[in-house]
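Numbering (mature numbering (1 follows the signal peptide of the UniProt record, and there is no 0)), first residue to last: -25 to -1, 1 to 104. For every residue, glycine included, the Cβ atom is placed at its ideal position computed from N, Cα and C. The structure displayed is predicted, hence computed values, not measured ones. Here's the structure, in structure tokens; my notes come after.
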Ligand code: HEC
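The structure is reproduced here in structure tokens:
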């Protein structure tokens, strides 16, 4: 089949390729080797950021980057949440993708101590003489 001799087939092929490009781009993304970077992409893709903030710092949902639960606990909760969080079954979010999201969350630096912010008032200790 020579596509260039048959413009209709050429356009159909181009249309098909264009329609498939998100799929191709997606499989390209899952080939990324760095789990942290891939996890960041997935944290956006699955919409975790909408409730938990861009780096898991918290928003409508709680902060999850700090004091991150062990992986098993996160995986159980994400699949069977008991509160307002929507469930993400394995069909929607694979274990491999959840592991990369976990790697991304684990890679977040610990927040600075409030003591390092000079403008914050120092706590007054009661009962101290
Ligand atoms: C629609 C908002 C929403 C989205 C989207 C969402 N969450 Fe949540 N998540 C919550 C809320 C709210 C809680 C607090 C408990 C509850 O009400 O279910 C929570 C709790 C959690 C917890 C338990 C946390 C803790 O430390 O207290 C984890 C872990 C978590 N979410 C991870 C994720 C991941 C990973 C994603 C993306 C795959 C995600 N969430 C997407 C709203 C959301």
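Going straight from the alpha carbon of residue 45 to that of residue 82, what length do you get?
-> 14 Å
Could you tell me whether the stretch 34 to 45 touches the stretch 72 to 82, using the rule of 3 or more Cβ pairs below 8 Å?
-> yes
Within 10 angstroms of the Cβ of residue 68, are there 16 or more other Cβ atoms? Answer buried if so, exposed if not.
-> buried
Express the C-alpha separation of residue 63 and residue 53 in angstroms, rounding to a whole number.
-> 6 Å
Exposure of residue 31, with buried meaning 16 or more beta-carbon neighbours within 10 Å = buried
Quick one: is the Cβ of residue 60 within less than 6 Å of any heavy atom of the ligand HEC?
-> yes
Just reading off the alpha helix (DSSP H) that residue 17 is part of, what are its end residues?
-> 10 to 20
Assigned secondary structure, residue 39 (DSSP; H/G/I helix, E/B strand, else coil) | coil
Nearest residue (CA-CA) to residue 26, options 38, 15, 87, 16 | 38
Consider the C-beta atom of residue 36 and the heavy atoms of the ligand HEC; say whether any pair is separated by less than 6 Å.
-> yes
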